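*Asks:* What follows is a single structure, and I will ask about it in a moment.
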Ligand SMILES: [Zn+2]
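Residue numbers (my numbering): 20 to 418.
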């Protein structure tokens with residue numbers, strides 16, 4: 020039996036493909052079988068359930084296209100040590116950094132790891148997120164990465180919002196490969212990727228290309244494997260050093276290139292000529308007190324498709340809220356509020372390969388966020404104020 024319901028008396032706001040707001044007052048949205056079936060200026064006639072929103076703001080459900088949500092422990096102790104004057108090097112020598120998250124993750128049993136991840140996911144949903152990407156990456160060894168991807172699959176089955184799964188194929192070199200990245204990358208290409216692909220355990224592949232991580236040459240080997248099989252991929256690129264990965268990945272059809280603090284204006288020109296989305300991660304920039312910001316002005320002028328994500332992770336961005344990420348991007352990177360809304364809806368959807376969501380249009384999936392606000396600028400303007408009233412995922416109340 021078809022289910023029909025309507026949200027009436029709302030202020031609808033989304034963004035068009037040029038990043039301009041489309042705001043409609045006194046509007047109604049009719050949902051039929053999980054999809055938006057009508058948008059009208061009056062009360063719809065044929066409805067089963069009607070919810071009067073009293074003029075509240077309705078946006079597309081927010082989409083977080085870059086998170087490292089599954090991990091054990093946290094790194095609040097390192098945060099405290101840093102504030103007391105310890106350097107990264109000292110913390111790292113004392114067993115901190117990514118190594119500590121890898122061991123906390125491996126030391127948690129499946130149920131505890133899944134429970135802690137579910138708790139974080141619900142917090143993100145509580146900030147308006149209706150689609151979230153979750154990367155593996157804190158396993159490093161093959162059995163541990165396999166376990167993380169299997170747990171993400173369980174998370175998907177349980178979750179009231181959409182979860183997409185990313186295999187972070189090259190994050191950091193596991194200890195047993197000390198100094199031999201090419202041997203590791205060969206194992207990724209010849210064993211891990213084919214096996215995990217056969218098992219259907221990821222929607223996308225990601226890697227970290229940087230001076231402290233994997234080289235451009237190694238990264239392109241992984242990308243070429245993906246490209247040859249029609250597998251979606253994205254990269255962490257141009258964050259701490261410039262490697263050229265963002266340009267090369269966009270030319271090879273990456274869904275997104277993420278970070279981009281050190282991208283050049285030439286890189287931006289190239290990326291803007293492709294379908295690749297540029298994902299900005301202001302949480303890490305803020306938390307690490309970085310001073311080199313991505314070339315946002317050039318990105319906007321070149322017409323780049325810009326997304327903003329939390330990059331939620333325990334080391335460099337323990338950020339849960341997409342509206343706060345929008346505020347950070349606005350304040351630190353000078354992103355106007357309309358571009359920020361497009362960045363967590365329309366372009367974040369495209370960054371994950373979705374074309375059925377990210378805007379409020381007839382035929383789109385009814386993923387919606389209802390806010391106790393009356394103008395979309397307020398989403399980006401308020402700092403740490405959670406104004407979410409509720410979210411709908413596929414037409415169903417998810418919170
Ligand atoms: Zn990341």
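Even for Gly, the Cβ is constructed at its ideal location relative to N, Cα and C. As the structure is a prediction and not an experimental result, all values here were calculated from the model.
To which residues does DSSP link residue 390 through a beta bridge?
*Replies:* Answer by DSSP bridge pairing, in chain order: 76 and 407.
*Asks:* I'd like to know whether the C-beta atoms of residue 30 and residue 103 end up nearer to each other than 8 Å.
*Replies:* No, the pair does not count as a contact, with Cβ atoms beyond the cut-off.
*Asks:* Taking the alpha-carbon of residue 372 as reference, which of 260, 326 and 39 has the nearest alpha-carbon?
*Replies:* For the residues 260, 326 and 39, the minimum Cα distance to residue 372 belongs to 326.
*Asks:* Starting from residue 67, trace the alpha helix (DSSP H) in both directions and tell me its first and last residue.
*Replies:* Segment: none, residue 67 is in no alpha helix (DSSP H) and carries neither H nor E.
*Asks:* Looking only at its chain, what residues have a beta carbon closer than 6 Å to the beta carbon of residue 362, apart from the 5 residues adjacent to it on each side?
*Replies:* The residues are 325, 326 and 327.
*Asks:* Helix, strand or coil for residue 367 per DSSP?
*Replies:* In this structure, residue 367 counts as helix in the three-state DSSP scheme.
*Asks:* Anyone know if the C-beta pair for residue 263 and residue 279 falls short of 8 Å?
*Replies:* No, the pair does not count as a contact, with Cβ atoms beyond the cut-off.
*Asks:* Assess, as a yes-or-no matter, whether the region 82 to 98 is touched by the region 148 to 162 under the definition of 3 or more beta carbon pairs within less than 8 Å.
*Replies:* Short answer: they touch.
*Asks:* What are the start and end residues of the beta strand (DSSP E) that includes residue 51?
*Replies:* Here the beta strand (DSSP E) through residue 51 covers 40 to 51.
*Asks:* When you compare only the Cα positions, how much space is there between residue 70 and residue 229?
*Replies:* If I take the Cα positions, the gap works out to 50 Å.
*Asks:* From 98, 58 and 60, pick the residue whose C-alpha is nearest to that of residue 308; which is it?
*Replies:* Considering only alpha carbons, the answer is 98.
*Asks:* What residue does the alpha helix (DSSP H) around residue 269 start on, and which one ends it?
*Replies:* Taken as a continuous stretch (DSSP letters only), the alpha helix (DSSP H) holding residue 269 covers 264 to 270.
*Asks:* Rounded to whole angstroms, what is the Cα-Cα separation between residue 156 and residue 163?
*Replies:* Each residue's Cα considered, the two are about 9 Å apart.
*Asks:* With a threshold of 7 Å (Cβ to nearest heavy atom), would residue 83 be considered close to ligand 1?
*Replies:* No - ligand 1 has no heavy atom lying nearer than 7 Å to the Cβ of residue 83.
*Asks:* Using only CA atoms, which one of 271, 251 and 227 lies nearest to residue 260?
*Replies:* It is 227.
*Asks:* With distance defined between alpha-carbon atoms, name the residue in 132, 413, 323 and 285 nearest to residue 385.
*Replies:* The shortest C-alpha separation from residue 385 is found at 413.
*Asks:* Provide the residue(s) that pair with residue 186 in DSSP beta bridges, ordered along the chain.
*Replies:* Paired residues: 224.
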